[in-house]
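K.L.:
There are 2 protein chains.
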Amino acid sequence: MELRDELYELVKALRVLKQQRHPVLPAGTVGLLQAIDRVRSATGGCHLKQVAAAIALDQSTASRAVSAAERSGLVRRVADPHDGRASLLELTDAGRTTLADAVAWYSALLSDALRDWSDEDLERFGGYLRRFTNDLHASHLEATR
Amino acid sequence: MELRDELYELVKALRVLKQQRHPVLPAGTVGLLQAIDRVRSATGGCHLKQVAAAIALDQSTASRAVSAAERSGLVRRVADPHDGRASLLELTDAGRTTLADAVAWYSALLSDALRDWSDEDLERFGGYLRRFTNDLHASHLEATR
DNA sequence: TACAGATGCTTGTAGAAGGCAAGTATTTGA
DNA sequence: TCAAATACTTGCCTTCTACAAGCATCTGTA
């Protein structure tokens with residue numbers, strides 16, 4: 000079996016999982032909240048544009064996602080005092096709690112699936128995953144340069 | 000960084016890749032052709048239902064995908080002589096060629112990204128991926144049983 | 001200082017992917 | 001022989017995402 004097939008199988012499995020075990024929160028929203036949280040703690044503020052970059056989606060998509068999260072009371076838009084066009088995004092208390100719950104939920108799912116793995120294997124697998132993702136990025140950048 | 004994050008990053012990278020480097024063939028179609036090919040060589044025939052199971056999609060989705068592939072001349076439906084309700088699916092010559100091209104295209108993409116990897120690392124990573132996918136399946140089955 | 005262009009964001013529109021439910025035709029088992 | 005099961009298709013809906021156009025604000029420069 001080729002790596003190509005392994006990847007396909009993984010993606011397939013994730014698709015199935017996503018469909019059937021619906022989590023505390025739609026997967027996209029978790030990514031959004033996490034991105035906001037991270038951008039904020041990395042740079043102080045958090046503009047929509049940064050979030051879009053962090054989740055690698057179009058700004059319009061991010062905009063709608065934020066609107067939805069705002070409607071659900073998970074995210075707040077605060078006017079940027081230095082730029083009247085922009086808003087600073089931040090999690091509400093509910094958003095923070097919900098994010099923590101969702102992360103815990105996904106972590107538990109993984110822990111359960113990986114309960115037979117040794118710490119060493121987990122460590123190595125994580126390392127390979129990271130390396131692989133980076134290499135995909137790099138080779139993609141080269142190819143489109 | 001947690002495995003959860005690594006996975007998220009991988010999925011994100013794959014999404015980006017899928018978007019920008021459009022391949023010889025829509026990714027879904029490749030999976031379809033490959034599934035047909037495999038089911039056929041494993042069981043002789045190939046019913047739609049089997050394909051749907053192989054790609055883990057709803058039968059209706061598979062049905063439309065097959066229709067599209069048929070319109071593109073990649074797949075042929077032959078009436079099943081033993082069952083008037085069913086068709087046997089098979090790749091046309093064009094389908095076989097196209098599949099081979101697409102597989103080569105994806106393989107090249109991967110080879111390029113992974114050109115710095117040792118055979119040993121590739122082997123191990125593939126093993127981890129397979130194991131992980133299986134464990135996800137298993138734990139999902141348990142959880143929904 | 002006024003204005004052209006850049007920037008931040010939102011909204012309209014469109015398309016792909018996929019599921020569910022209902023419908024049709026055929027087969028099978030009691 | 002006929003009711004239930006099966007194989008598939010089709011209608012309809014939702015979700016996700018991109019692109020393009022638009023609006024408001026900001027910034028650099030003449």
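Chain order of the listed sequences is A and B. Going by numbering that gives the first Met the number 0, the first sequence opens with residue 0, and the numbers climb by one from there. Going by numbering that gives the first Met the number 0, the second sequence opens with residue 0, and the numbers climb by one from there. Glycine is no exception: its CB is placed at the ideal position from the N, C-alpha and C atoms.
Counting only the same chain and skipping the five closest in sequence on each side, list residues whose C-beta sits under 6 angstroms from that of residue 49 (chain B).
P.N.:
Numbered from its first residue, the second sequence carries residue 49 (chain B) at position 50. Excluding positions up to five away in sequence, the list reads 38.
K.L.:
Measuring straight from C-alpha to C-alpha, what distance separates residue 108 (chain A) and residue 20 (chain A)?
P.N.:
On the first sequence, residue 108 (chain A) is found 109 positions in, with the first residue counted as 1. On the first sequence, residue 20 (chain A) is found 21 positions in, with the first residue counted as 1. Whole-angstrom Cα-Cα distance: 10 angstroms.
K.L.:
Measure the alpha-carbon distance for residue 62 (chain A) versus residue 111 (chain B) and round it to whole angstroms.
P.N.:
Sequence index remark: in the first sequence, residue 62 (chain A) carries index 63 (1-based). Sequence index remark: in the second sequence, residue 111 (chain B) carries index 112 (1-based). Looking at the two C-alpha atoms, the distance is approximately 35 angstroms.
K.L.:
Sort A:16, A:54, A:9 and A:30 by Cα distance to residue 97 (chain A) and report the nearest one.
P.N.:
Position 98 of the first sequence, counted from the first residue, corresponds to residue 97 (chain A). Closest option to residue 97 (chain A), Cα to Cα, is A:30.
K.L.:
Exposed or buried, what is residue 43 (chain A) when buried is set at 16 or more other beta-carbons lying within 10 Å of its beta-carbon?
P.N.:
Reading the first sequence from its first residue, position 44 is the one you call residue 43 (chain A). Exposed, by the Cβ-count rule.
K.L.:
Please determine if the region 121-135 of chain B and the region 2-10 of chain A are in contact, where contact requires at least 3 C-beta pairs separated by less than 8 angstroms.
P.N.:
Result yes; three or more Cβ-Cβ pairs closer than 8 angstroms.
K.L.:
For the alpha helix (DSSP H) that contains residue 50 (chain B), what are its first and last residues?
P.N.:
Locating residue 50 (chain B) in the second sequence gives position 51, counting from the first residue. From DSSP, the alpha helix (DSSP H) with residue 50 (chain B) extends over 47-54.
K.L.:
So is residue 9 (chain A) buried or exposed if we call it buried at 16+ other beta carbons inside 10 Å?
P.N.:
In the first sequence, residue 9 (chain A) corresponds to position 10, counting from 1. Buried: at least 16 other Cβ atoms inside 10 Å.
K.L.:
Over the uninterrupted beta strand (DSSP E) stretch that includes residue 89 (chain A), give me the two end residues.
P.N.:
Working through the first sequence from its first residue, we reach residue 89 (chain A) at position 90. For residue 89 (chain A), the uninterrupted beta strand (DSSP E) run begins and ends at 86-90, by DSSP.
K.L.:
Decide if residue 90 (chain A) is buried, meaning its Cβ has at least 16 other Cβ atoms within 10 Å, or exposed.
P.N.:
Here residue 90 (chain A) refers to the residue found at position 91 of the first sequence. So residue 90 (chain A) counts as buried.
K.L.:
Mind checking residue 28 (chain B): buried by the 16 CB within 10 Å criterion, or exposed?
P.N.:
Residue numbering aside, residue 28 (chain B) sits at position 29 when the second sequence is read from its first letter. That one is buried.
K.L.:
For a cutoff of 8 angstroms on Cβ pairs, would you count residue 41 (chain B) as touching chain A?
P.N.:
What you label residue 41 (chain B) is simply residue 42 of the second sequence in a count that begins at 1. False, the Cβ-Cβ gap to chain A never drops below 8 angstroms.
K.L.:
Please classify residue 145 (chain A) as buried or exposed, where buried requires at least 16 neighbouring CB atoms within 10 angstroms.
P.N.:
Since the first residue shown for chain A is 0 and the last is 144, residue 145 (chain A) is missing from the structure and cannot be characterised.
K.L.:
In this structure, what does DSSP give as the bridge partners for residue 76 (chain A)?
P.N.:
Sequence index remark: in the first sequence, residue 76 (chain A) carries index 77 (1-based). Answer by DSSP bridge pairing, in chain order: A:88.
K.L.:
Please report the Cβ distance between residue 88 (chain A) and residue 76 (chain A), rounded to the nearest whole angstrom; I am assuming they are in contact, meaning their Cβ atoms lie under 8 angstroms.
P.N.:
Residue numbering aside, residue 88 (chain A) sits at position 89 when the first sequence is read from its first letter. Residue numbering aside, residue 76 (chain A) sits at position 77 when the first sequence is read from its first letter. Residue 88 (chain A) to residue 76 (chain A), Cβ: 6 angstroms. Contact.
K.L.:
Checking contacts by CB at 8 angstroms: is residue 143 (chain B) closer than that to chain A?
P.N.:
Your numbering for residue 143 (chain B) matches position 144 in the second sequence. Yes, residue 143 (chain B) counts as interfacial toward chain A.
K.L.:
Do you know how far the Cα of residue 56 (chain B) is from the Cα of residue 14 (chain A)?
P.N.:
The sequence position of residue 14 (chain A) within the first sequence is 15, counting from 1. The sequence position of residue 56 (chain B) within the second sequence is 57, counting from 1. Using only the alpha carbons, I get a separation of about 9 angstroms.
K.L.:
Can you tell me the Cα-Cα spacing of residue 123 (chain A) and residue 54 (chain A), whole angstroms?
P.N.:
Locating residue 123 (chain A) in the first sequence gives position 124, counting from the first residue. Locating residue 54 (chain A) in the first sequence gives position 55, counting from the first residue. Each residue's Cα considered, the two are about 25 angstroms apart.
K.L.:
What's the call for residue 33 (chain B), buried or exposed, on a 16-neighbour Cβ count within 10 Å?
P.N.:
Against the second sequence, residue 33 (chain B) aligns to sequence position 34. With 16 or more other Cβ atoms within 10 Å, it is buried.
K.L.:
Please work out which residues of its chain come closer than 7 angstroms, Cβ to Cβ, to residue 113 (chain A), disregarding the five sequence neighbours upstream and downstream, and give them in chain order.
P.N.:
The sequence position of residue 113 (chain A) within the first sequence is 114, counting from 1. Hits under 7 angstroms: 121.
K.L.:
What are the residues in the region 58-84 of chain B lying within 7 angstroms of chain A by C-beta distance?
P.N.:
Residues of the region 58-84 of chain B with a C-beta less than 7 angstroms from any C-beta of chain A: none at all.
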